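A short worksheet on the structure shown next.
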Amino acid sequence: MRFLLVLSICYTFIFGLETSDRLFECTEIFKQRKSELLVELERIDEQKQALQSLKTATEALLKEKETKLNQQEEEVNNRLDEIKKREENIKTMLDRNEKALAELKSIKLGKVSQTFAKMKPAAAANILSDMQKSEAVKILQSLKPQILGKILSKMEAKKASELTQLLAE
258 MRFLLVLSIC
268 YTFIFGLETS
278 DRLFECTEIF
288 KQRKSELLVE
298 LERIDEQKQA
308 LQSLKTATEA
318 LLKEKETKLN
328 QQEEEVNNRL
338 DEIKKREENI
348 KTMLDRNEKA
358 LAELKSIKLG
368 KVSQTFAKMK
378 PAAAANILSD
388 MQKSEAVKIL
398 QSLKPQILGK
408 ILSKMEAKKA
418 SELTQLLAE
């Protein structure tokens with residue numbers, strides 16, 4: 258029994274040393290892993306700082322570009338306003354010119370009509386027969402019905418008929 262007791266003590270001692278060695282090895286592994294993790298943590302911190310610097314630089318660049326874009330947009334809007342004003346001025350001038358042109362044509366047609374009204378019907382009929390139909394109709398429309406009748410009666414029947422149809426439209 259003593260022998261058994263001695264044997265069990267020896268056995269416990271041997272296995273106790275093995276466990277102690279294992280604990281020592283685990284502690285060493287944990288220390289080594291801890292130092293690796295600290296190095297990795299430093300690397301992550303450096304990357305975090307670099308990322309923060311990049312973010313700040315990007316935000317500054319974005320603000321600068323936004324400011325520049327706003328300035329360009331303002332310039333474009335100013336130019337657009339200026340173009341609109343010029344366009345309105347041109348439209349106003351065009352309207353005035355069209356009115357003046359219409360007035361001049363009216364005056365011109367009035368004088369031509371007066372000339373045809375003073376002419377002998379046969380001479381007026383000959384001249385109107387040789388003119389373009391649209392121009393002849395404009396002149397005939399401006400004449401009094403009595404003079405118009407006299408001129409149409411002196412024209413060829415076919416030409417007088419054509420002009421009368423155009424006058425009726």
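Add 257 to the 1-based position in the sequence shown for the working numbering, that's all there is to it.
Even for Gly, the Cβ is constructed at its ideal location relative to N, Cα and C.
All of these numbers come straight from a predicted model, not from anything done at the bench.
Exposure of residue i, with buried meaning 16 or more beta-carbon neighbours within 10 Å
i: F287; result: exposed
i: A382; result: buried
i: I396; result: buried
i: M350; result: exposed
i: L274; result: Per-residue confidence for L274 stands at a pLDDT of 48, beneath the threshold of 50, marking its modelled position as unreliable; the derived number appears in the next sentence. Classification for L274: exposed.
Contact under 8 Å by Cβ, residue i with residue j
i: S399; j: S370; result: yes
i: V394; j: L361; result: no
Cα-Cα separation between residue i and residue j, rounded to whole angstroms
i: E321; j: E299; result: 33 Å
i: K411; j: K365; result: 25 Å
i: L481; j: Q309; result: Residue 481 is absent from the model: the chain starts at 258 and stops at 426.
i: L337; j: R353; result: 24 Å
i: T428; j: E282; result: This structure does not reach residue 428, given that the chain is present from 258 up to 426, and the question cannot be answered.
i: Q422; j: K348; result: 37 Å
i: T246; j: I301; result: The chain is shown only over 258 to 426; residue 246 falls outside these bounds and no answer can be derived.
i: A317; j: E339; result: 33 Å
State whether the segment 388-401 contacts the segment 351-358, with contact taken as three or more CB pairs (one from each stretch) at a distance under 8 Å.
-> no
Would you check if the segment 401-420 and the segment 371-386 touch, i.e. whether three or more CB-CB distances between them fall below 8 Å?
-> yes
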